[in-house]
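Colleague: In my numbering, the protein residues as written are 1 to 183.
Where a beta carbon is used, it is the ideal one built from N, C-alpha and C, also for glycine.
Please read through the structure below; I'll follow up with questions.
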């Protein structure tokens, strides 16, 4: 929170940054948890005072979108972690995922690469790791689906996202106990 005695001028807690650096976190995933399944990345870019406030249907709270893609990339740089982005498979779309990838990794003249530049980030972020959905096996998850339907979506997302940037690594959802039967 900007203005906090524990935070720097950008609102990051300096004690937390130092601890994350010290443990050597190699990869940092965002957005995380159930929040990922109804997060729309375009709400979290551009001037913070112009970002919309949305209802987070997973947690039934308001999301002010003060921490978005550019802040996440900055945070990863500060702590020395490689970014891993989890796309919204709950209320999101394939187009939205592709546009986010263009925003992060585009080096051409696409609308979303240009949008990143317009917001003060001229160089592509080069995000390698892209997760497709979060815990889609769980009944509590926005966008809950069967493993068969998830696999079908996963294939389509992977095909289209790799067409935009063949260097990325696609990460699939996996279930754990007691949801092994989902897989």
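Are the beta-carbon atoms of residue 104 and residue 116 separated by less than 9 Å?
Modeller: Going by C-beta atoms, residue 104 is nearer than 9 Å to residue 116.
Colleague: What does the alpha-carbon distance come out to for the pair residue 20 and residue 79?
Modeller: About 6 Å.
Colleague: Which full runs of the beta strand (DSSP E) of 3+ residues lie inside the segment 5-88, going along the chain?
Modeller: You should have 27-30, 54-56, 61-63, 82-87.
Colleague: Consult DSSP for residue 139 and reduce its assignment to one of helix, strand or coil.
Modeller: Residue state, collapsed to three classes: coil.
Colleague: Does the Cβ of residue 53 have 16 or more other Cβ atoms within 10 Å, making it buried, or fewer, making it exposed?
Modeller: Looking at its Cβ environment, which holds fewer than 16 other Cβ atoms inside 10 Å, residue 53 is exposed.
Colleague: Per DSSP, which residues does residue 129 bridge with? Please list them.
Modeller: Paired residues: 84, 169.
Colleague: With the cut-off set at 9 Å, would you say residue 85 and residue 31 are in Cβ contact?
Modeller: Their beta carbons are under 9 Å apart, which means residue 85 touches residue 31 by this criterion.
Colleague: So, at 6 Å on beta carbons, what are the nonlocal neighbours of residue 110 in its own chain, with the 5 sequence-adjacent residues on each side left out?
Modeller: Within the same chain, residue 110 has close Cβ partners 102.
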